[in-house]
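Student: In terms of my numbering, the sequence shown opens at residue 23 and continues consecutively.
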Amino acid sequence: MEVINSAKEIVERIAVLKSLGKTIGFVPTMGALHDGHFSLISKSLSQVDITICSIFVNPTQFNNADDLLKYPRTLADDCNGLEKAGCHIVFTPTIEEIYPGGADNFKVDLPLNGLDAKMEGEHRPGHFEGVVQVVKRLLDIVTPERLFMGQKDFQQFTIIRYMIDQLKIPTKLVVCETLREEDGLAMSSRNRRLTNEHRQDAAVIYRVLNQAKVWIDSKSIAEIEKKAMDYLNIPGFKPEYFTIINGHNLETIDSIVDVKEIVACTAVWAGDVRLIDNMILKN
Ligand code: AMP
23 MEVINSAKEI VERIAVLKSL GKTIGFVPTM GALHDGHFSL ISKSLSQVDI
73 TICSIFVNPT QFNNADDLLK YPRTLADDCN GLEKAGCHIV FTPTIEEIYP
123 GGADNFKVDL PLNGLDAKME GEHRPGHFEG VVQVVKRLLD IVTPERLFMG
173 QKDFQQFTII RYMIDQLKIP TKLVVCETLR EEDGLAMSSR NRRLTNEHRQ
223 DAAVIYRVLN QAKVWIDSKS IAEIEKKAMD YLNIPGFKPE YFTIINGHNL
273 ETIDSIVDVK EIVACTAVWA GDVRLIDNMI LKN
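1. Assuming A208 is part of the beta strand (DSSP E), what are its boundary residues?
2. Here's the rule: buried if 16 or more other CB atoms are within 10 angstroms of the residue's CB, otherwise exposed. What is G148?
3. Is the CB-CB distance between H110 and M209 below 8 Å?
4. Just to check, is the beta-carbon of H149 closer than 7 Å to a non-hydrogen atom of the ligand AMP?
5. Is any non-hydrogen atom of the ligand AMP found closer than 7 Å to the C-beta of P261, if you look at the structure I gave you?
6. Residue range of the beta strand (DSSP E) that F48 falls in?
7. Leaving out five residues before and five after E217 in sequence, what residues of the same chain have Cβ atoms less than 7 Å from its Cβ?
8. Please go through the same chain and pick out, in chain order, the residues whose beta-carbon is closer than 6 Å to the beta-carbon of F48, but skip the five residues on each side of it.
9. If you measure from each CB to the nearest heavy atom of the ligand AMP and keep those under 6 Å, what residues do you get, in chain order?
10. What is the DSSP secondary structure of D299, reduced to helix, strand or coil?
11. Quick one: what does DSSP say S41 is sitting in, helix, strand or coil?
12. Just to confirm the assignment: which complete alpha helix (DSSP H) runs, minimum length 4, are found wholly within the segment 196–279?
13. Compute the Euclidean distance between the alpha carbons of I120 and V156, then round it to the nearest angstrom.
14. Confirm, please, whether the CB-CB distance from V281 to A250 is below 8 Å.
15. Using only alpha-carbon positions, find the residue among S68, L39, A29 and S41 that is nearest to F78.
16. If the criterion is Cβ atoms closer than 8 Å, does the pair V154 and K65 meet it?
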């Protein structure tokens, strides 16, 4: 596996690979890799010739300085894992490589059309501007045929799909299912920061999502959202939102009539660790 940290170098390397007719798959990450990330690598390996993974903790998507500071960084382990997973190239740039002269030089002028109005956008102001900015910059550098992202971040991939469409970027987005621990907790780099007790209790999130899937046929949306928030309100946990949306446009819904894809999305604080998850209730 090649490890490249210069943007110029990876651009040159990719030009050579493309001149040889190789197709490129790209998995952007912030590191502290787990099996969820490696499943994206496997998916890419099965669909394209060359798989590139980036590890970059993007400061512009953190609205909370403490969260950025505490974000786990495990580069050596990540590279070992990627090598074992069969990844071809890992791109590990510095902030200066991604944003030479400052991040303001790389603002993306793309109104998000309300896609960022609710859920993560509401609770993490500026988060999606940062995500759009970094993914656009990485796509400009890597120019992949395919981009692999997780369903785990439902609002994120929906916004990136919108960006790709609006900016007519010639990359196909492939959304990959959420990998979970045995008890159902969605794998996340943040899970390693949970206390043992919170880790055990965190399976409540998956249980509530499953419960919502049962409730959707018999209870109103408002009732499900309220019951789910109550259910998540266990000692040490603070649910931030539990919202049922139309998966196509991320709009909140009052009823399931005529909605093709119904998704429940939630964010919960477990101590000082913020966890998100979602489940498609109907499609
Ligand atoms: P992150 O490093 O958390 O920014 O995530 C990088 C990519 O991995 C994103 O596309 C995530 O949606 C995806 N991802 C994170 N956790 C999981 C998971 N448990 N299963 C599948 N994909 C995931």
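Each residue gets a CB set at the ideal place from its N, CA and C atoms; glycine is no exception.
Tutor: Looking at the atomic coordinates:
1. Premise fails: A208 is in no beta strand (DSSP E) and is neither H nor E.
2. exposed
3. no
4. no
5. no
6. I46 to T51
7. The sequence given here places Thr at residue 217; Glu does not occur at that position. Cβ within range, chain order: G293.
8. Cβ neighbours of F48 beyond the five flanking positions: I74, V164, P166 and L169.
9. The answer, residue by residue, is T51, M52, G58, H59, S61, L62, M171, G172, K174, D175, C198, T200, L201, A208, M209, S210 and S211.
10. strand
11. helix
12. Within the segment 196–279, the complete alpha helix (DSSP H) runs of at least 4 residues are 218–223, 226–237 and 243–254.
13. Spanning the alpha carbons of I120 and V156 requires a straight line of approximately 8 Å.
14. no
15. A29
16. no
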